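See below for the structure under consideration.
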Amino acid sequence: MEDVFCSREELLPTVFYETERFMFVYDKYPIITGHMLIIPKRHIEDMIELDASEWKDLEQLKNSALPKALGRYCKDGISYNVAIQIGEHSGREINHLHIHILPRTAEDSFKEDSQQVYMNIANRKLRDGSSVAEEVKELRKLFKYRPE
Ligand SMILES: [Zn+2]
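Per the working numbering, the very first residue in the sequence shown carries number 9; after that it's consecutive.
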């Protein structure tokens, strides 16, 4: 069941925060500035496989790291989309649970048609000129995260 999220090698350059059971990473192919992923370290495919300790960890992450990260992108009030694709008909490409966090602003590139943000998760076309490396650098600074 090895995939790019299990092996982690591919994720390490974009991790900016982690808990015991989750990684918080910047999406390598963002569709919007601030496109982030919350990924369990354990290989599971469905939300319903999360165990009690993982839910607890996730709750901690959503209470602290999530608002902190969103605060960087949502300057005019917290606004974001969440997307999770589960199962073979969902459009998922990596069969390892991951939660898309998509910060939204009044001026973002999806403002004309907000629902397009979901279509674009599959299309993977960055709508603006932000740089992944620069965002990871700034998020790591914000979280005082030092990769091992
Ligand atoms: Zn996996």
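Heads up, the beta-carbon is just placed ideally off N, CA and C, and yes, glycines get one too.
As the structure is a computational prediction, the values presented were derived from the model and not from experiment.
Quick one: Cα of residue i to Cα of residue j, how far?
{"i": "aspartate 54", "j": "glycine 95", "result": "8 Å"}
{"i": "threonine 41", "j": "alanine 60", "result": "32 Å"}
{"i": "leucine 105", "j": "tyrosine 153", "result": "23 Å"}
{"i": "serine 72", "j": "proline 155", "result": "20 Å"}
{"i": "cysteine 14", "j": "lysine 149", "result": "25 Å"}
{"i": "glutamate 18", "j": "tyrosine 25", "result": "15 Å"}
{"i": "glutamate 62", "j": "lysine 70", "result": "12 Å"}
{"i": "lysine 36", "j": "glutamine 124", "result": "19 Å"}
{"i": "serine 139", "j": "arginine 80", "result": "15 Å"}
{"i": "aspartate 11", "j": "valine 23", "result": "17 Å"}
{"i": "isoleucine 56", "j": "tyrosine 34", "result": "24 Å"}
{"i": "glutamate 120", "j": "proline 21", "result": "33 Å"}
{"i": "serine 98", "j": "isoleucine 52", "result": "16 Å"}
{"i": "leucine 58", "j": "tyrosine 126", "result": "24 Å"}
{"i": "lysine 76", "j": "cysteine 82", "result": "10 Å"}
{"i": "arginine 132", "j": "arginine 100", "result": "12 Å"}
{"i": "glutamine 68", "j": "arginine 16", "result": "22 Å"}
{"i": "phenylalanine 151", "j": "leucine 66", "result": "17 Å"}
{"i": "serine 122", "j": "aspartate 84", "result": "17 Å"}
On the DSSP letters alone, give me the boundaries of the beta strand (DSSP E) that residue i sits inside.
{"i": "leucine 110", "result": "107 to 111"}
{"i": "tyrosine 34", "result": "30 to 34"}
{"i": "leucine 45", "result": "44 to 48"}
For residue i, which residues does DSSP report across the bridge?
{"i": "glutamine 90", "result": "The question names glutamine, yet the displayed sequence has valine at residue 90. In the DSSP output, where bridge partners are listed per residue, valine 90 has Ile109."}
{"i": "isoleucine 39", "result": "Note: isoleucine 39 sits in no beta bridge, so no partner."}
{"i": "valine 23", "result": "Val33"}
Can you round the beta-carbon distance between residue i and residue j to whole angstroms, since I take them to be within the 8 Å contact cut?
{"i": "isoleucine 39", "j": "asparagine 128", "result": "4 Å"}
{"i": "leucine 78", "j": "proline 111", "result": "6 Å"}
{"i": "leucine 45", "j": "isoleucine 107", "result": "7 Å"}
Terminal residues of the continuous alpha helix (DSSP H) containing residue i?
{"i": "tyrosine 126", "result": "124 to 131"}
{"i": "tyrosine 81", "result": "73 to 81"}
{"i": "alanine 114", "result": "Alanine 114 -> no alpha helix (DSSP H), and no H or E assigned at all."}
{"i": "arginine 148", "result": "140 to 151"}
{"i": "serine 15", "result": "12 to 15"}
Segment contact, 8 Å Cβ cut-off, at least three pairs: the region 83 to 98 with the region 25 to 35: Because the criterion of three Cβ pairs below 8 Å is not met, the region 83 to 98 and the region 25 to 35 do not touch.
Given 8 Å, three or more beta-carbon pairs between the region 139 to 156 and the region 106 to 117: By the C-beta criterion, the region 139 to 156 is judged not to be in contact with the region 106 to 117, since fewer than 3 inter-stretch pairs fall below 8 Å.
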